[in-house]
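Engineer: For the sequence shown, position 29 (counting from the first letter as 1) is numbered 1269 according to this note's numbering, and the numbering increases by one without interruption. Where is the CB? At the ideal position from N, CA and C, for every residue including glycine. A quick note: this is a predicted structure, and the numbers were derived from the prediction, not measured.
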Amino acid sequence: MGADLGLLQPWWLLALPLPLAWLAWRRRRRQPWPTLLPPMTFRYPLLTIVTGEGERGDHATSATADRLVAVALMLAVIALAQPVRYVGSIASEAASEPVDLVIVAGTAISMTLRDYVVDGERVDRMTLTRRLLDRFVSDFQGRRIGLVVLGRPPALWLPLTSDKTAVRDAIARLRTTMVGRLSDTGAALQLVHEGYGSVADKVVVLVTDGGLQLGATSPQAAARQLAAAGNTLYVIGIGASDPADYGGDVGGLIYEPIDPAALTEVAEAGGGRFFHAQNVDAFEAALSVIESTHRRPVAPSPAQHVVEPWYPLPIGAAMLLLLTAASRPRAKRAQAREPDA
């Protein structure tokens, strides 16, 4: 039972000596409690004797009232400490510190290559990217997501936002060649640094097949610039490195396999890793690893307790004692006025 009781404001207990100090001060002064009406003057032969006995009775009554008031004040202090009884607790979920994520999605003409098989059907790289990014965003536990379209020139498609519906709508509108037939990865990473530069510690996910790469700034140099600003770059390579792995269906284009070595250099320059999405499962696994790596746990919040307040009990007892202390002098005077039987 004792383990279930507690105080919400225990520092109020430091005031408990104050009522005792007040009681000691009252004893030294030896003054009776004031009456509501002034005493009546009367003449009586035994006035001296009666007055002496009355003073002794008044002192005794006043001392008792002082003790009652002191105890009432102590109970009031205990009530201020807010005694409670713990009747249960609310379990708190494991918390994690949210992060900001920027997706850089490739849209070069090479993303039309249909070298993936999903449920027995061939799917082009762009369609697969849209599907899996949409699923990833719907399950994302971070704070905000931004979107940059990788093309030549690149475009900041969506600023950082916590509105998942807006992010999914933006991903659904991704199309090949929407910002050009070629890619400028270096410029796209520079755009991430400049467009989201005020936000530190971002996670940047570059989804690209690495094809048709042009630009004045090398992807490695732009990746190092991102890492120097406190960000982390991950690269997910889309497409096969050998057309024979997927039957050679290149959709009428000259097949250009991805270069895992070059994309690995870009990822390492950005302080992250390279993932080769050779199939749907590998793509999903890469996104899952990236999110779990940056899901940083924080100190768990204290358990939320359900309490039953007990401070009305000392408050009620204090009020009862104060009423008793106030009524004792009146009862004593009424008893003194009664004639002897």
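From Ala1395 to Val1342, what does the alpha carbon distance come to, in whole angstroms?
Structural biologist: Here residue 1395 refers to the residue found at position 155 of the sequence shown. Here residue 1342 refers to the residue found at position 102 of the sequence shown. Going from the Cα of Ala1395 to the Cα of Val1342 covers about 13 Å.
Engineer: Give the DSSP-derived three-state secondary structure of Trp1265 in the structure shown.
Structural biologist: Here residue 1265 corresponds to residue number 25 of the sequence shown, with the count starting at 1. Helix, per DSSP.
Engineer: Could you tell me whether the stretch 1302-1315 touches the stretch 1552-1559, where touching means 3 or more Cβ pairs closer than 8 Å?
Structural biologist: yes
Engineer: Taking the alpha-carbon positions, what's the Ala1507 to Tyr1474 distance?
Structural biologist: Walking along the sequence shown from the start, residue 1507 turns up at place 267. Walking along the sequence shown from the start, residue 1474 turns up at place 234. About 5 Å.
Engineer: Please tell me whether Val1317 has its Cβ less than 8 Å away from any Cβ of chain C.
Structural biologist: No chain C is present in this structure, which holds just one protein chain.
Engineer: Could you tell me if Ala1565 is buried or exposed, where buried requires 16 or more neighbouring beta carbons within 10 angstroms of its beta carbon?
Structural biologist: Counting from one through the sequence shown, the residue named residue 1565 turns up at place 325. So Ala1565 ends up on the buried side.
Engineer: Counting Cβ pairs closer than 8 Å, one from the stretch 1456-1465 and one from the stretch 1399-1412, do we hit at least three?
Structural biologist: no
Engineer: Here's the rule I'm using: 16 or more other beta-carbon atoms within 10 Å means buried, otherwise exposed. How should Gly1470 be labelled?
Structural biologist: Against the sequence shown, residue 1470 aligns to sequence position 230. With fewer than 16 other Cβ atoms within 10 Å, it is exposed.
Engineer: Would you tell me roughly how many angstroms separate the C-alpha atoms of Ala1467 and Leu1429, rounded to the nearest one?
Structural biologist: To locate residue 1467, count along the sequence shown from 1; it is residue 227. To locate residue 1429, count along the sequence shown from 1; it is residue 189. Rounded to whole angstroms, Ala1467 to Leu1429 spans 11 Å at the Cα level.
Engineer: Please state if the CB of Ile1411 and the CB of Asp1364 are separated by a distance shorter than 8 Å.
Structural biologist: Numbered from its first residue, the sequence shown carries residue 1364 at position 124. Numbered from its first residue, the sequence shown carries residue 1411 at position 171. No, the Cβ-Cβ distance between Asp1364 and Ile1411 is not below 8 Å.
Engineer: In the DSSP assignment, find the unbroken beta strand (DSSP E) run with Leu1245 in it and report its ends.
Structural biologist: Taking the first residue of the sequence shown as 1, we reach residue 1245 at position 5. Leu1245: member of the beta strand (DSSP E) spanning 1245-1247, first to last residue.
Engineer: Would you check if the distance between the CB atom of Gly1435 and the CB atom of Val1324 is smaller than 8 Å?
Structural biologist: Along the sequence shown, read from residue 1 onward, the residue named residue 1435 stands at position 195. Along the sequence shown, read from residue 1 onward, the residue named residue 1324 stands at position 84. No, they are not a contact pair.
Engineer: Would you grab the beta carbon distance between Leu1503 and Gly1420 for me? Rounded to a whole angstrom, and I think it's under 8 Å.
Structural biologist: Residue 1503 sits at position 263 when you count from the first residue of the sequence shown. Residue 1420 sits at position 180 when you count from the first residue of the sequence shown. The Cβ separation is near 20 Å, so there is no contact.
Engineer: Taking the straight line between their C-alpha atoms, what separation do you get for Phe1376 and Thr1405?
Structural biologist: The residue labelled residue 1376 in the question sits at position 136 within the sequence shown. The residue labelled residue 1405 in the question sits at position 165 within the sequence shown. Phe1376 and Thr1405: Cα-Cα distance of roughly 13 Å.
Engineer: Out of Trp1252, Val1443, Asp1244, which one is the CA nearest neighbour of Val1384?
Structural biologist: As a position in the sequence shown, residue 1384 is number 144, starting the count at 1. Checking the sequence shown, residue 1384 turns out to be Arg, not Val. Ranking Trp1252, Val1443, Asp1244 by CA distance to the CA of Arg1384 puts Val1443 first.
Engineer: Please report the straight-line C-alpha distance between Arg1513 and Gly1360, rounded to a whole angstrom.
Structural biologist: On the sequence shown, residue 1513 is found 273 positions in, with the first residue counted as 1. On the sequence shown, residue 1360 is found 120 positions in, with the first residue counted as 1. Their backbone Cα atoms lie some 30 Å apart in a straight line.
Engineer: For Asp1424, does the count of other Cβ atoms within 10 angstroms reach 16, so buried, or fall short, so exposed?
Structural biologist: Numbered from 1 along the sequence shown, position 184 holds the residue referred to as residue 1424. Buried is the call here.
Engineer: So, at 6 Å on beta carbons, what are the nonlocal neighbours of Leu1561 in its own chain, with the 5 sequence-adjacent residues on each side left out?
Structural biologist: Residue mapping note: residue 1561 aligns to position 321 of the sequence shown, counting from 1. These residues qualify, in order along the chain: Leu1308, Val1311, Ala1312.
Engineer: Opposite Leu1387 in the DSSP bridges: which residues?
Structural biologist: Within the sequence shown, residue 1387 is the residue found at index 147, counting from 1. In DSSP, Leu1387 forms a bridge with Ile1343, Leu1398.
Engineer: In terms of alpha-carbon separation, which member of Thr1417, Thr1416, Ala1480, Leu1387 lies closest to Val1445?
Structural biologist: By 1-based counting over the sequence shown, the position of residue 1445 is 205. Ranked by how close their Cα comes to the Cα of Val1445, the residues Thr1417, Thr1416, Ala1480, Leu1387 have Leu1387 in first place.
Engineer: Just the Cα atoms here: how many angstroms apart are Ile1530 and Gly1391?
Structural biologist: By 1-based counting over the sequence shown, the position of residue 1530 is 290. By 1-based counting over the sequence shown, the position of residue 1391 is 151. Computed Cα separation, rounded: 24 Å.
Engineer: So, for Ala1321: in the same chain, excluding its five sequence neighbours on each side, which residues have a beta-carbon less than 6 Å away from its beta-carbon?
Structural biologist: One-based indexing of the sequence shown puts residue 1321 at position 81. Leu1247, Gln1249, Pro1250, Trp1252, Leu1253.
Engineer: With distances taken Cα to Cα, identify the nearest neighbour of Ile1498 among Ser1532, Thr1448, Gly1511, Ala1522.
Structural biologist: Working through the sequence shown from its first residue, we reach residue 1498 at position 258. With respect to the C-alpha of Ile1498, the residue from Ser1532, Thr1448, Gly1511, Ala1522 having the closest C-alpha is Thr1448.
Engineer: From this set, Ala1522, Arg1267, Pro1259, Pro1549, which residue's C-alpha is nearest Val1327's C-alpha?
Structural biologist: As a working mapping, residue 1327 is identified with position 87 in the sequence shown. The option with the nearest alpha carbon to Val1327 is Pro1549.
Engineer: How is the alpha helix (DSSP H) around Gln1460 delimited, first residue to last?
Structural biologist: Along the sequence shown, read from residue 1 onward, the residue named residue 1460 stands at position 220. Looking at the DSSP string, the run of the alpha helix (DSSP H) that includes Gln1460 is 1459-1468.
Engineer: Could you check where the beta strand (DSSP E) with Pro1250 kicks off and where it finishes?
Structural biologist: Sequence index remark: in the sequence shown, residue 1250 carries index 10 (1-based). Looking at the DSSP string, Pro1250 is not in any beta strand (DSSP E), and its letter there is neither H nor E.
Engineer: Would you check if the distance between the CB atom of Ser1329 and the CB atom of His1545 is smaller than 8 Å?
Structural biologist: Reading the sequence shown from its first residue, position 89 is the one you call residue 1329. Reading the sequence shown from its first residue, position 305 is the one you call residue 1545. Yes, the pair counts as a contact, with Cβ atoms nearer than the cut-off.
Engineer: Nearest by alpha-carbon distance to Ser1567: which of Ala1264, Leu1256, Ala1509, Ala1305 is it?
Structural biologist: Sequence index remark: in the sequence shown, residue 1567 carries index 327 (1-based). Comparing Cα-Cα distances from Ser1567 to each of Ala1264, Leu1256, Ala1509, Ala1305, the minimum goes to Ala1305.
Engineer: From Ala1461, Leu1563, Val1339, pick the residue whose C-alpha is nearest to that of Ser1532; which is it?
Structural biologist: Along the sequence shown, one-based indexing puts residue 1532 at 292. Ser1532 has its Cα closest to that of Val1339, out of Ala1461, Leu1563, Val1339.
Engineer: Going by Cα to Cα distance, which pick from Ala1427, Ala1461, Val1520 is closest to Ile1478?
Structural biologist: As a working mapping, residue 1478 is identified with position 238 in the sequence shown. Out of Ala1427, Ala1461, Val1520, Val1520 has the C-alpha closest to the C-alpha of Ile1478.
Engineer: Taking the alpha helix (DSSP H) that Val1407 belongs to, which residues open and close that run?
Structural biologist: Counting from one through the sequence shown, the residue named residue 1407 turns up at place 167. Val1407 -> alpha helix (DSSP H) spans 1404-1412.
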